[in-house]
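Notes to accompany the following structure.
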Amino acid sequence: MPKTMPRSLALLLGACALLAGCHAGDPPPPAPRTVLVHEASSAPLSSGIYTGEIRARHEVDLAFRVGGKIATRLVDAGAEIKAGQALARLDPNDLQLAAAASRAQLAAAESDLTTTRADRDRYAGLLAKKFVSQGAFDAKDNAFNSAQARLEQARAQNQISGNQAAYGTLSSEFPAIVTAVLADTGQVVSPGQAVLRVARPEEKEVAIAIPENRLAELKAAKGLQVTLWADQNIKLRGELRELSPAADPATRTYAARIRLLNPSPEVRLGMTARVMVNNNADSNLLVPLSAVIDLGQGPLVRVVSNGKVTTRPVQIAQFREDGVAITAGLQAGELVIISGAGKLVDGQDVQPKPSTPPARQR
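Note that the sequence shown covers residues -24 to -1, 1 to 338 in mature numbering (1 follows the signal peptide of the UniProt record, and there is no 0).
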C-alpha cells in the first residue's frame, strides 16, 4: 500500500512552486528615461551686447550728372551689376537738342572766323597800298581775334554738350550690388540727386551705436563676436574698424563699424547682427538657462555621466541672452540636462539626446 506524503512537505513544495512561478512572471526593469542634453562649451564673458545691421564698407549713391526725366530704370534692388553696365537712362530728347544746338553754334563760329580772316587779310593788303587807314585795319584785326575766341568757346561748349549726352546713361565704376532704388521711371531729377544706392560686397561690417559710458570698454575689448539673428549657430569674429569722434545729437550714441574678419556666404547685407564685447581672457562654459536649477542650495546643474544622472553645484559668472556663463563646477564637453532636470535624482539611468547641433565657429 503506497505511503502518503506528509502534509507539511506537500505545503512546502507547493510554496516553492508558487514562488518560482512568481519570479518567472516578473516584469523587466524600466527603460532609461530619455533626456535632452546640451554639451557645455567654452565662451568668453561678454560685457556688452549691441544690435546692429550688416553693411558694406563701401556704399555709394549713384546720380546723374545732368538733370532730366528718367526714361528707363534697368535694374532693381538686389541686382548684381558690373562696372560700366547701364543702370538707368534719362529722356534723351533735351540732351540731343542741346548737343545739336551746340554743333550749330560751332559751325557758325567756324564760318564767322573764315569771314573775319578774309576781311583782315584784305585790309592788310589795302593798308600796304595806303588805301585804308591803320584804324580801319585794326578794327578788322580785332574782329578776327574775337571770332577766333568765339570759335574756341563754341568748341568747348560742343564738347560739354557731347559729354552731357553721355551723362544721360547712369552706370557704376565698379562691380556692386544695388541696395536701394531712390528714384523711379518718370521722375524728374536734378543733377546730383541720388537715383540708386550700390554697395561693394567684398568687405562687410556691422554698424552699431555705442553709449558714451561704454566707449572705453569697446576700445579695450579683447575680442568681438558677431552672431546673426537669422542663424545664431553662426559665430563670426570681428574687430573695431571705425568709431565716430562725435555723438549723434538725437540718440547721444557713437556710431561704430565692426569689420568681419571671417565673413561667410550666409552673411547678407541688411541682416540683423549682434556684437558681443569680450573683455575676459579666461574662457567660461556656456549652458542654456534651462539647465540651471535651484533646489534651495544654490545653483545646480545635472549632467549625464556613463548613462547616469550626477548633480553638480556651479558658480554663475554671467547671465547672457544666449545662455548662462558658468565659471566653476563644470567641465567643457560634459552633457548638461536642459529639460526636466529638477525631477531627476542622482544615479538615475537616463538616455541622453542632443538638443541642437553645436554652433558653427568660423
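Idealized CB from N, CA, C, for every residue including glycine. Just so you know, these numbers come straight off a predicted model, no measurement behind them.
query                                                                                                                                                               : result
Mark K329 as exposed unless 16 or more other C-beta atoms lie within 10 angstroms of its C-beta, in which case mark it buried.                                      : exposed
In the DSSP assignment, find the unbroken beta strand (DSSP E) run with E128 in it and report its ends.                                                             : First-last for E128: Q110 to A142, but that is the alpha helix (DSSP H), not the beta strand (DSSP E).
If I measure Cβ to Cβ from K116 and keep anything under 6 Å in the same chain, skipping five residues before and after, which residues do I get?                    : D95, R96 and Y99
Which of helix, strand or coil does DSSP assign to S266?                                                                                                            : helix
In three-state DSSP terms, what is R96?                                                                                                                             : helix
In chain order, which beta strand (DSSP E) runs of at least 3 residues are fully inside the stretch 172 to 197?                                                     : 180 to 187
Would A267 and I313 qualify as a contact pair, given that the criterion is a beta-carbon distance under 8 Å?                                                        : yes
For D67, collect the residues of the same chain with a Cβ closer than 7 Å to its Cβ; drop the 5 residues on either side in sequence, then sort them by chain order. : G44, K45 and A47
Taking the continuous beta strand (DSSP E) assigned at H14, which residues delimit it?                                                                              : R9 to E15
Per DSSP, E29 is paired with what?                                                                                                                                  : A183 and T248
With a threshold of 16 other CB atoms inside 10 Å of the CB of T203, please say whether the residue is buried or exposed.                                           : buried
Inspect the CB distances between the stretch 107 to 127 and the stretch 85 to 95 and report whether three or more fall short of 8 Å.                                : yes
Compare the C-alpha of S148 against each of P264, I302, E15 and F40 and name the closest.                                                                           : F40
Going by DSSP, name the residue or residues bridged to G214.                                                                                                        : L200 and L236
Please confirm whether A156 and R173 have their CB atoms less than 8 Å apart.                                                                                       : yes
Could you check what DSSP says for A308 in three-state terms: helix, strand or coil?                                                                                : coil
Between the alpha carbons of G184 and E193, how many angstroms are there, rounded?                                                                                  : In the sequence as presented, Gly is not what sits at residue 184; that position holds Ile. Rounded to whole angstroms, I184 to E193 spans 14 Å at the Cα level.
Use the C-beta contact count for V165: other C-beta atoms within 10 angstroms, 16 or more gives buried, fewer gives exposed.                                        : buried
CA-CA distance, G28 and I234?                                                                                                                                       : 10 Å
Any contact between the stretch 289 to 299 and the stretch 268 to 281? By contact I mean 3 or more CB pairs, one from each, below 8 Å.                              : yes
Alpha carbon to alpha carbon, what distance is there between Q327 and V321?                                                                                         : 14 Å
Under DSSP, the beta strand (DSSP E) around E35 begins and ends at which residues?                                                                                  : E35 to A39
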